[in-house]
Amino acid sequence: MSLELSGPDVSRPFIEAAHPEHPSLLDPTHQMDALFGVVNIPNVVWIDESGTIVRPAEPGWPGPQQYPEAMRKRLAERARKEAENASDDGPKRPNLMQLLRGGQDRETYPDAIRDWAHNGAASRFVMTPDEVVAASQPRPMDCSEAAAHFELANHLWRTGHRDAAIHHFNDCHRLQPDNWTYKRQAWSLVGNERVGGGELGRFNQGPLPGEEDDWPFASSFDAEVAKLQPGEYYPNTM
Amino acid sequence: MILEQLVIDPHRFETETGWTIKPEGACKGDVCVPLPDRDDVSDIAGRLGMALVHDDATNLNALGPESLGGRALLSAEAPELVLNDIDGNSFRLSSLRGQKVVLVAWAPY
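Taken in order, these protein sequences are the chains called A and B. In terms of the numbering used here, the first sequence has 228 at position 227, counting the first letter as 1, and numbering is strictly consecutive. In terms of the numbering used here, the second sequence has 155 at position 107, counting the first letter as 1, and numbering is strictly consecutive.
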């Protein structure tokens, strides 16, 4: 499920490049967030043959991360700049990849899925229904309100009410600050415009240098990541 | 769920929230919540713990998902999910019953 509100053509190149043999769907209104408690991507949900969830939404990958060439270059350049800017004094901040690679183990996650595929309900990774509910994301009333603001923002953005949409995006982010999908969706819309689109335009999720005062959101990807410790972005649930 | 008017259409309510309006109330999985006044959206929202947010500029409302139970999942029964593929073909998650399913949420950002 591609959680992107901008229409099929934004997701199409990724789906066509992957040549999926499985259903590959679009989720423009982020139903995965509201119905399953997805708060970041990639997130994975396991459902057994009877339609019972046996693992709720959690970070998961199909194997070791493989980035396209353009993304590898971008990450390498970022790591170089982070190293350049690192102060010699005081504790050293983890760089972006250290922050993103902490937590859930990317390399062994597919082995857990294979274990379930082979052993079914006897797999040690299968949770009971009570465990599934308890391990799903917390949802106080604030999170319901955040989802309602997100849905309004999503609708208003797609119908051309840009300022009103940004107002609701900001309310949504304030009410559910740990929902990265709501944030990244919003930041990427404006970030993509600022860099003029392109293959990786939607990975620009903050103001360009010198345009900080013109960024319409209360925060940005870099500002939020700077507050994290390894393991907090993709928590280990295994 | 976007509402142009504060009226609940039961079919749409079930499709978008997973809650079925039955004689005994609003039901999802094993949980049924009595609804004394089915025409009062604010009352329904309050009983299910759904936030109701209004946009002044467009006069639209949005109903958030239930917070009843305090977790994203009220039960381990997978909710129905109906989405389109990139060619506009509709697909129902429940059509995969009888198979193990791994749902993967991703995004191009």
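For each residue, glycine too, the CB sits at the ideal point set by N, CA and C.
Every alpha helix (DSSP H) of 4 residues or more that sits fully in the stretch 109 to 154 of chain A is shown, in chain order, as 110 to 120 and 130 to 136. In the DSSP assignment, I48 (chain A) forms a beta bridge with A:I54 and B:V149.
For the pair R140 (chain B) and P60 (chain A), the Cα-to-Cα distance works out to about 23 Å. Taking all protein chains shown into account, D85 (chain B) has fewer than 16 neighbouring C-beta atoms within 10 Å of its C-beta and is therefore exposed. Nearest to L51 (chain B) by C-alpha distance, out of B:V89, B:G73 and B:K76, is B:V89. The three-state secondary structure of L76 (chain A), taken from DSSP, is helix. Restricting attention to A:P29, A:W188 and A:G198, the CA atom closest to the CA of G207 (chain A) is found in A:W188. Residue state for K76 (chain B) is assigned as strand, using DSSP reduced to three classes.
The C-beta of W158 (chain A) comes no closer than 9 Å to any C-beta of chain B.
Taking H150 (chain A) as the centre and dropping the five residues before and after it, the same chain places the C-beta of H169, D172 and C173 closer than 6 Å to its C-beta, in chain order.
Beyond the five residues adjoining it in sequence on each side, A87 (chain A) comes within less than 8 Å, by CB distance, of K93 and R94 in the same chain, given in chain order.
Listed by position along chain A, the residues whose Cβ is nearer than 8 Å to that of R145 (chain B) are E50, S51 and G52. At a cut-off of 9 Å between beta carbons, I167 (chain A) makes no contact with chain B. Chain A has no Cβ within less than 9 Å of the Cβ of S90 (chain B). Counting along the chain, no beta strand (DSSP E) covers H23 (chain A), and no H or E run does either. Taking 9 Å as the threshold, the shortest C-beta distance from Q67 (chain A) to chain B does not fall below it.
Apart from sequence neighbours up to five positions away, the residues of its chain that approach R107 (chain A) with a beta-carbon distance below 8 Å are W62, G64, P65 and Q66, ordered along the chain.
Three or more beta-carbon pairs separated by less than 8 Å are not found between the stretch 55 to 72 of chain B and the stretch 131 to 139 of chain A, which leaves the two stretches without contact.
In terms of beta-carbon proximity, I56 (chain B) stays away from the interface with chain A, with every pair separated by 9 Å or more. Put simply, the backbone Cα of V196 (chain A) is about 7 Å away from that of N205 (chain A). The C-beta separation of A120 (chain B) from R140 (chain A) comes to about 5 Å, placing the pair in contact by the 8 Å criterion.
Looking at the DSSP output, K70 (chain B) sits in a beta bridge with B:G73. D57 (chain B): not part of any alpha helix (DSSP H); DSSP gives it neither H nor E. For I134 (chain B), the nearest CB of chain A lies under 9 Å from its own CB, placing it at the interface with that chain.
Rounded to whole angstroms, the gap between the alpha carbons of G38 (chain A) and A58 (chain A) is 6 Å. The alpha-carbon of L36 (chain A) is positioned some 8 Å away from that of T65 (chain B). In this structure, Y235 (chain A) lies near Q105 (chain A), with their beta-carbon atoms less than 9 Å apart. It is roughly 26 Å from the alpha-carbon of G97 (chain B) to the alpha-carbon of L6 (chain A).
Look at A110 (chain B) here: in three-state DSSP terms it is strand. Within the stretch 16 to 41 of chain A, contact with chain B at the beta-carbon level (separation under 7 Å) is assigned to I16, P24, S25, L26, L27, D28, Q32, M33, A35, L36, F37, G38 and V39.
Taking W181 (chain A) as the centre and dropping the five residues before and after it, the same chain places the C-beta of V40 and N41 closer than 7 Å to its C-beta, in chain order. For D103 (chain B), there is no enclosing alpha helix (DSSP H); the enclosing beta strand (DSSP E) has its first and last residue at L100 to D103. By the criterion of a C-beta distance shorter than 7 Å, L201 (chain A) is surrounded in its chain by A71, M72 and R75, once the five residues flanking it on both sides are discounted. The C-beta separation of T53 (chain A) from A124 (chain B) comes to about 5 Å, placing the pair in contact by the 8 Å criterion. Counted as a single uninterrupted DSSP element, the stretch harbouring N237 (chain A) is not any alpha helix (DSSP H), since DSSP gives it neither H nor E.
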